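Trainee: The sequence shown begins at 292 in the working numbering and counts up one residue at a time. Note that beta-carbon positions come from the ideal geometry of N, C-alpha and C, so glycine has one too. Fair warning: this is a prediction, and the values are worked out from it, not measured in the lab. Dumping the structure here so I can ask a few things about it.
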Amino acid sequence: LIDCLLYQILNSSYSHIKQFCAVILRRKLGFHSSIWSAINKETLKMVQNQLLILLQSKEYNIIYRRIVDIVCVLANRCQPLNNLWIELLPFINDMFKKSTFIHHKECCLKILAYIAEMSKESLLPYLSNVGHILSQGILLDNITIQVSSLKAIISLILSCNDDELNLTFSND
Numbered sequence: 292l293i294d295c296l297l298y299q300i301l302n303s304s305y306s307h308i309k310q311f312c313a314v315i316l317r318r319k320l321g322f323h324s325s326i327w328s329a330i331n332k333e334t335l336k337m338v339q340n341q342l343l344i345l346l347q348s349k350e351y352n353i354i355y356r357r358i359v360d361i362v363c364v365l366a367n368r369c370q371p372l373n374n375l376w377i378e379l380l381p382f383i384n385d386m387f388k389k390s391t392f393i394h395h396k397e398c399c400l401k402i403l404a405y406i407a408e409m410s411k412e413s414l415l416p417y418l419s420n421v422g423h424i425l426s427q428g429i430l431l432d433n434i435t436i437q438v439s440s441l442k443a444i445i446s447l448i449l450s451c452n453d454d455e456l457n458l459t460f461s462n463d
C-alpha cells in the first residue's frame, strides 16, 4: 500500500490524486495506524529517500505542503532520528543554508518546529546547529520565514530546559 501511494504521489498527472494519496500516506504512517509494524526497513528507507527528494522540488503547491506534513509525521515515528532517519537533520541543515527558495526554508523550519514539539530528544545532539538555523531565519528579510522561525523557536523554548536553551543560542 505504501509503495502504491508513494508511486501515485510521484507519478500521477492529476494533482487531486497526488493530494489524496499524500493525505492517506500521512495517515498510514501516523501513530493511529496499524500498518507501521508491517513496514520493513527497506520500504522505510525508500519512503524516506523519496520524501527528501520531493522536498527539493522547486514547485510550491498543495502537494508540497502535504509532503512536509508526511515528513513531520514520519520524523515523529522514526524516533530516535539518529537511528531511524539519520539523514533528516543534516538534510534540513543543508537545504536551509543552500537553497534560494523561500518554501524550502519555510519547510525546514516547520519540520524543526514539529520535531522540537514532539520529540526534542532527537534535536539535542544538533542544538547549536538548530539554534543557528533559527537565528538565521529571524534575520532573513522575509516575513514568512521570520514567522516560521519564531514558531520553531517557541516550540523549542517550550520543550527545552534552561541549560539546553543556553547551548542552543549561546553562539549567536
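#1: Can you tell me which of 333, 336, 382, 358 puts its alpha carbon nearest to the alpha carbon of residue 420?
#2: Taking contact to mean at least 3 C-beta pairs separated by less than 8 Å, is the region 363-373 in contact with the region 344-352?
#3: What is the rounded straight-line gap between the Cα of residue 405 and the Cα of residue 392?
#4: What number of angstroms, rounded off, separates the C-alpha of residue 360 from the C-alpha of residue 403?
#5: Going by CA-CA distance only, name the one from 301, 322, 449, 332 that's closest to residue 341.
#6: What's the gap between the Cα of residue 416 and the Cα of residue 386?
#7: With a cut-off of 8 Å on the beta carbons, I'd call residue 326 and residue 292 a contact; round off their distance for me.
#8: Report yes if the CB atom of residue 377 is closer than 8 Å to the CB atom of residue 310, and no otherwise.
#9: Using the beta-carbon count (16 or more within 10 Å), is residue 449 buried or exposed?
#10: Would you mind sorting residue 399 into buried or exposed? The rule is 16 or more other CB atoms within 10 Å of its CB.
#11: State the DSSP-derived secondary structure class of residue 463, mapped to helix, strand or coil.
#12: For my contact list, residue 408 and residue 446 are in at a C-beta cut-off of 8 Å; report their separation, rounded to the angstrom.
#13: Quick check on DSSP: helix, strand or coil for residue 432?
#14: Identify the continuous alpha helix (DSSP H) that holds residue 381 and give its terminal residues.
#15: Alpha carbon to alpha carbon, how far is residue 431 from residue 423? Give it in angstroms, no decimals.
#16: Any idea if residue 312 is buried or exposed, counting beta-carbon neighbours within 10 angstroms, 16 or more meaning buried?
#17: Tell me the rounded alpha-carbon separation between residue 433 and residue 329.
#18: Could you give the DSSP three-state label for residue 446: helix, strand or coil?
Mentor: The answer reads as follows:
#1: Translated into positions along the sequence shown, residue 420 becomes position 129. When only C-alpha atoms are compared, the closest one is 382.
#2: no
#3: Sequence index remark: in the sequence shown, residue 405 carries index 114 (1-based). Sequence index remark: in the sequence shown, residue 392 carries index 101 (1-based). Rounded to whole angstroms, residue 405 to residue 392 spans 21 Å at the Cα level.
#4: The residue labelled residue 360 in the question sits at position 69 within the sequence shown. The residue labelled residue 403 in the question sits at position 112 within the sequence shown. Taking the straight line joining both Cα atoms gives about 12 Å.
#5: By one-based count along the sequence shown, residue 341 stands at place 50. Looking at the Cα atoms, 301 is the closest of the given residues.
#6: Residue 416 sits at position 125 when you count from the first residue of the sequence shown. Residue 386 sits at position 95 when you count from the first residue of the sequence shown. For residue 416 and residue 386, the distance between alpha carbons rounds to 19 Å.
#7: Residue mapping note: residue 326 aligns to position 35 of the sequence shown, counting from 1. Residue mapping note: residue 292 aligns to position 1 of the sequence shown, counting from 1. Residue 326 to residue 292, Cβ: 7 Å. Contact.
#8: Mapped onto the sequence shown, residue 377 falls at position 86. Mapped onto the sequence shown, residue 310 falls at position 19. For residue 377 and residue 310, no; Cβs fall outside 8 Å.
#9: Here residue 449 corresponds to residue number 158 of the sequence shown, with the count starting at 1. With fewer than 16 other Cβ atoms within 10 Å, it is exposed.
#10: Along the sequence shown, one-based indexing puts residue 399 at 108. The residue is buried, with at least 16 neighbouring Cβ atoms inside 10 Å.
#11: The residue given as residue 463 occupies position 172 in the sequence shown. Residue placement at residue 463 is poorly supported in this model, since its pLDDT is 48, which falls under 50; the coordinates still yield a value, given next. Residue 463 falls in the coil class under three-state DSSP.
#12: Within the sequence shown, residue 408 is the residue found at index 117, counting from 1. Within the sequence shown, residue 446 is the residue found at index 155, counting from 1. With a Cβ gap of about 4 Å, residue 408 and residue 446 count as contacting.
#13: Walking along the sequence shown from the start, residue 432 turns up at place 141. Coil, per DSSP.
#14: In the sequence shown, residue 381 corresponds to position 90, counting from 1. Per DSSP, residue 381 belongs to the alpha helix (DSSP H) from 379-389.
#15: Translated into the one-based positions of the sequence shown, residue 423 becomes position 132. Translated into the one-based positions of the sequence shown, residue 431 becomes position 140. Roughly 12 Å between the two C-alpha positions.
#16: Counted from its first residue, the sequence shown places residue 312 at position 21. Residue 312 should be labelled buried.
#17: The residue given as residue 433 occupies position 142 in the sequence shown. The residue given as residue 329 occupies position 38 in the sequence shown. Taking the straight line from one Cα to the other gives about 43 Å.
#18: Here residue 446 refers to the residue found at position 155 of the sequence shown. Helix at residue 446.
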